[in-house]
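Colleague: Questions regarding the structure given below will be posed in turn.
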Amino acid sequence: MARADTSERTVLLMADDDPADCLLTEKALRRADITCPLFVVHDGAELLDYLKRRGDYTDPETAPRPSLILLDLNMPKINGTEVLEKLRDEPELCRIPVVVLTTSDEERDIAASYALGANAYMVKPSAFDEMVSVAEIVKAHWLETVRLPP
-19 MARADTSERT
-9 VLLMADDDPA
1 DCLLTEKALR
11 RADITCPLFV
21 VHDGAELLDY
31 LKRRGDYTDP
41 ETAPRPSLIL
51 LDLNMPKING
61 TEVLEKLRDE
71 PELCRIPVVV
81 LTTSDEERDI
91 AASYALGANA
101 YMVKPSAFDE
111 MVSVAEIVKA
121 HWLETVRLPP
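Position 138 of the sequence shown, counting from 1, maps to 118 under the numbering used here, and the rest follow consecutively.
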């Protein structure tokens, strides 16, 4: 299988407020041999600041435009559902693919996420080996199969 794109063009942005989940996901992505840059924000407000280049995120060198967003739904300040609503109203941001990666397997969360434009919905496992499997799916589909927008 081909290696995931490690060029500077491919950037992952993860929005998750749980430090343990962030660490688990980061380690799983690396174990799956995803070596492109990964940036992490910890709530929906910070995610929107990053994407709109506000506050600490005005420099495109330190906050490059993401190729793919991994979005948790249950975050403080602005939750993932509200983020999806806001992203889809922004012409420059609505093309960025969003994979909801969350602990919820509730049908209402799944339906709402897709209704608001999520490109995929994955339930975040708690076991490391299962998270590596999720990371390998992300790699195979989003980094090796589909073409991400420029």
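Ideal placement from N, C-alpha and C gives every residue a C-beta, glycine not left out.
For clarity, every value in this text was computed on a predicted model and none was experimentally measured.
Taking V134 as part of the beta strand (DSSP E), name the residues at either end of that continuous run.
Modeller: Residue coverage of the chain in this structure runs from -19 to 130, which leaves residue 134 outside it and unanswerable.
Colleague: What ranges does the beta strand (DSSP E) occupy inside the stretch 83 to 116, keeping only unbroken runs of at least 3 residues that lie completely in it?
Modeller: 100 to 103, all fully within the stretch 83 to 116.
Colleague: Distance check for A120 and M102, CA to CA, integer angstroms please.
Modeller: Here the question's residue 102 lines up with position 122 in the sequence shown. Here the question's residue 120 lines up with position 140 in the sequence shown. Near 14 Å, if we compare the C-alpha coordinates of A120 and M102.
Colleague: Can you list, in chain order, the residues of its chain with a C-beta nearer than 6 Å to that of F19? Leave out the 5 residues immediately preceding and following it.
Modeller: In the sequence shown, counting from the first residue as 1, residue 19 sits at position 39. Excluding sequence neighbours, F19 sits near L(-7).
Colleague: One question on the structure: do D(-3) and H22 come within less than 8 Å of each other, judged by their Cβ atoms?
Modeller: As a first step, residue -3 must be located in the sequence shown, where it is residue number 17. As a first step, residue 22 must be located in the sequence shown, where it is residue number 42. Result yes, Cβ atoms of D(-3) and H22 sit closer than 8 Å.
Colleague: For L28, does the count of other Cβ atoms within 10 angstroms reach 16, so buried, or fall short, so exposed?
Modeller: Reading the sequence shown from its first residue, position 48 is the one you call residue 28. With 16 or more Cβ atoms within 10 Å of its Cβ, L28 is classed as buried.
Colleague: Which full runs of the beta strand (DSSP E) of 3+ residues lie inside the stretch -7 to 25, going along the chain?
Modeller: Counting whole runs of 3 or more residues, the stretch -7 to 25 contains the beta strand (DSSP E) stretches 18 to 21.
Colleague: Please report the Cβ distance between P46 and I76, rounded to the nearest whole angstrom; I am assuming they are in contact, meaning their Cβ atoms lie under 8 Å.
Modeller: Looking up residue 46 in the sequence shown gives position 66. Looking up residue 76 in the sequence shown gives position 96. Rounded, the Cβ-Cβ distance is 6 Å, consistent with contact.
Colleague: To the nearest angstrom, how far is it from the Cα of L51 to the Cα of L81?
Modeller: On the sequence shown, residue 51 is found 71 positions in, with the first residue counted as 1. On the sequence shown, residue 81 is found 101 positions in, with the first residue counted as 1. Their Cα atoms are separated by approximately 5 Å.
Colleague: Beta carbon of L73, beta carbon of L31: below 8 Å?
Modeller: Within the sequence shown, residue 73 is the residue found at index 93, counting from 1. Within the sequence shown, residue 31 is the residue found at index 51, counting from 1. Yes. Within cutoff.
Colleague: For V79 and I49, what's the separation of their Cα atoms in angstroms?
Modeller: Within the sequence shown, residue 79 is the residue found at index 99, counting from 1. Within the sequence shown, residue 49 is the residue found at index 69, counting from 1. So the alpha carbons of these two residues sit roughly 6 Å apart.
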